[in-house]
Structure formats: structure tokens, C-alpha cells
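For the sequence shown, the tail end lands on 232 under our numbering, and the numbers increase by one without skipping.
Every residue, glycine too, gets a C-beta built ideally from N, C-alpha and C.
The structure displayed is predicted, hence computed values, not measured ones.
Report on one structure; see the data block that follows.
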Amino acid sequence: MEESRRHNIKVAFTFSDPFVVNRFADDFRGITREYCDLVFCNADEVRQFAETESFETAAKILGERVNLVFATNGAEGCLVVDHGKLTHVPGFAVDAIDTVGAGDAFAGGVLYGLAHGYSAPQAARWGNYLASRVVTLHGARLPDAIPDQVAKVLG
């Protein structure tokens, strides 16, 4: 992270687990303030980080430290905090059978969207879509590539 910062390379960070956030809270607070441009987390993790029960308040608190926050909340979608502006991006209604890989699919979709010039809410919508597809399957891999769906989903 230090090397990235020295070379003006953006740093994305994922919180990973509420227990880890709790156990290393001071480290997470320092890392997010000093090094992170973008943070991925879920509702439980961001509430743990911000020490509040309010998902929206927690996302805003993290957004005061980091330029770009993507905080997922299962079927409800996610909150995006982009330079202090909070936006709710709805999820997709599906019959979830296995949540393994949903967070990774979401993050991959968001990073794809941002790398291709989409706004943060558009990138989050694409991430929500990919996560919604992954949770309908056993395992963490989609059976085939779906980049042709971008225009339909973001259309």
C-alpha cells in the first residue's frame, strides 16, 4: 500500500470479515485513512468498523475516510459513498441458494465497471448483477462469461 501510494496507484481494500474488522479496528482505521482509495465491505463489517447499528450512518462514516465505498447488503443491494455522496443501488431479486463468491463477484463487477469508465453507481449495479447470478448457483463460478449483459443491465 505504501509503494502504491508513492507511485500514485489506486488502492482497493476489502474488509473481509466482521471479526477481523473488530480484532484489528485500529489498524483498519489507519489503513483506510492513509492508503485506501476504495473500500469494499458488507453491512456487518461497516457497522463494526463505525461502531454503530445504522448501516447508512456507518457507510457515511467510512466515506469520510475513503473517497469511494461500496457496502453490500445482500438482496437489498448496496450503498455507494462517492466523495461523501451516498447512493443506494438496489439489488436483483433472485432465489439465492449459495452465497459463496457473492462478494468477490460484486467486487469484480465493480472494478470492471470503474475500469471501463462507468460511474460508481453504474459499476455497483453491474457488481450487484454479477453477485445475484453467483448466488443462484452452487459454487463461486458463473458457467459462462456474460460481458454482453452489461448494456442490458446498465442500459
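Extent of the continuous alpha helix (DSSP H) to which residue i belongs
{"i": "L219", "result": "Unbroken run through L219: none, as it is neither H nor E."}
{"i": "D103", "result": "A102 to E111"}
{"i": "Y206", "result": "A197 to V211"}
Reduced DSSP secondary structure (H/G/I, E/B, other) of residue i
{"i": "K87", "result": "coil"}
{"i": "D121", "result": "helix"}
{"i": "A172", "result": "Position check: residue 172 holds Asp in this sequence, whereas Ala was assumed. The answer is coil: DSSP assigns D172 none of H, G, I, E or B."}
{"i": "V143", "result": "coil"}
{"i": "T164", "result": "strand"}
Cβ neighbour criterion (16 or more within 10 Å) applied to residue i
{"i": "E79", "result": "exposed"}
{"i": "G161", "result": "exposed"}
{"i": "N205", "result": "buried"}
{"i": "R124", "result": "buried"}
Which listed residue (the options) has its alpha carbon closest to that of residue i
{"i": "S81", "options": "G107, D104 and E111", "result": "E111"}
{"i": "G154", "options": "R100, A184 and D103", "result": "A184"}
{"i": "R106", "options": "L231, E122, P167 and F126", "result": "F126"}
{"i": "Y195", "options": "S209, L163, L231 and P220", "result": "L231"}
{"i": "P198", "options": "C113, L163 and V123", "result": "L163"}
N-terminal and C-terminal residue of the beta strand (DSSP E) that residue i is part of
{"i": "D181", "result": "From DSSP, D181 is part of no beta strand (DSSP E) but of the alpha helix (DSSP H) over A179 to A192."}
{"i": "S158", "result": "This sequence places Val at residue 158; Ser is not what is there. It spans C155 to D159 - the beta strand (DSSP E) in which V158 sits, taken as one unbroken run."}
Original post:
Counting Cβ pairs closer than 8 Å, one from the region 116 to 132 and one from the region 168 to 184, do we hit at least three?
Top reply: Yes, the region 116 to 132 touches the region 168 to 184.
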